[in-house]
Amino acid sequence: MPHQSQRAAVALVGLSGAGKSSVGWRLAGRLGWPLRDTDALVVTTSERSIAQIFAEAGEAHFRALETAALQQALGSPPCVLATGGGIVLAPENRALLRERAFVVWLDAPTTTLITRLQAHDEPRPLLQGDNPLERLEALRAARAAFYTEVADLCVNTDERSIEEIVAQIAHQIEKGTLSP
Ligand code: S3P
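Numbering-wise, the sequence shown is residues 799 to 978 according to our numbering.
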């Protein structure tokens, strides 16, 4: 467990559709901290969409940009940080998250995640193709141990309001886990 005063950020991790952006936005408002988002930072820095980066430069290039975005975002605390679902893949990202942030793993059944993604979200390069449910299940299987490794708190977001979820996370913070 890192020294508490080193961690003045809350990082939200989890698969696509877990609610990282919407929970992050509300949590940041409640804490009065800025909201940062690794995907948004990557898009701003590269002046390309995530889909374009994957198509034109490949996943490895995206992952390098994503690591740089994570370092930038956690470099000036405090903040609430929404991350891309694959942020936990790189060992250096996991180390940085554990060192600098109180990490919250947002999760819900894969069918719920797919329903949310189909309802209102932009296409994810790794979920394109015939069977997005199967693809997301495969990502879950490959990543679950990494989410477990970094998470200080796991929050089920299925059939719960954003307010409830934010209240649960804020309660942990107010217990003194963080020191902005
Ligand atoms: C990815 C998830 C996406 C985005 C990119 C890769 C992943 O972010 O970073 O498409 O590897 O799971 P969201 O988790 O916000 O969908």
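Note that beta-carbon positions come from the ideal geometry of N, C-alpha and C, so glycine has one too.
No experiment lies behind these values; they were computed from the predicted model shown.
At a cut-off of 6 Å, the beta-carbon of Gly927 does not count as near the ligand S3P: no heavy atom of the ligand is closer than that.
Contact between the stretch 863 to 883 and the stretch 906 to 921 is not established, with fewer than three Cβ pairs separated by less than 8 Å. Inside the stretch 850 to 905, DSSP marks whole alpha helix (DSSP H) runs of 4 or more residues at positions 857 to 872, 889 to 898, from first to last along the chain.
Our two residues, Ile967 and Ala849, have alpha carbons roughly 31 Å apart in a direct line. Between Phe900 and Ile971 the beta-carbon gap is near 7 Å, inside 8 Å, which marks them as a contact.
With respect to the C-alpha of Pro832, the residue from Val886, Arg896, Pro876, Arg898 having the closest C-alpha is Pro876. Rounded to the nearest angstrom, the Cβ distance from Thr909 to Leu931 is 7 Å, consistent with a contact under 8 Å. Separation of the CB atoms of Lys818 and Leu904 is rounded to 6 Å, and the pair is thereby assigned contact status at 8 Å. Per DSSP, Asp928 is not a residue of any beta strand (DSSP E), being assigned neither H nor E.
Around the beta carbon of Asp835, a 10 Å sphere encloses 16 or more other beta carbons of the protein chains shown; the residue is thus reported as buried. Following the DSSP letters along the chain, one finds Ala807 inside the beta strand (DSSP E) bounded by residues 807 to 811.
The nearest non-hydrogen atom of the ligand S3P is less than 6 Å from the C-beta of Gly882. In the same chain as Arg938, and ignoring 5 residues on each side of it, the C-beta atoms closer than 7 Å to its own belong to Leu813, Thr908, in chain order. Following the DSSP letters along the chain, one finds Arg824 inside the alpha helix (DSSP H) bounded by residues 818 to 829.
At least one heavy atom of the ligand S3P falls within 6 Å of the beta-carbon of Asp837.
In the three-state reduction of the DSSP assignment, Arg941 falls in the helix class, which pools H, G and I. The Cβ atoms of Leu879 and Ala809 lie closer than 7 Å to each other.
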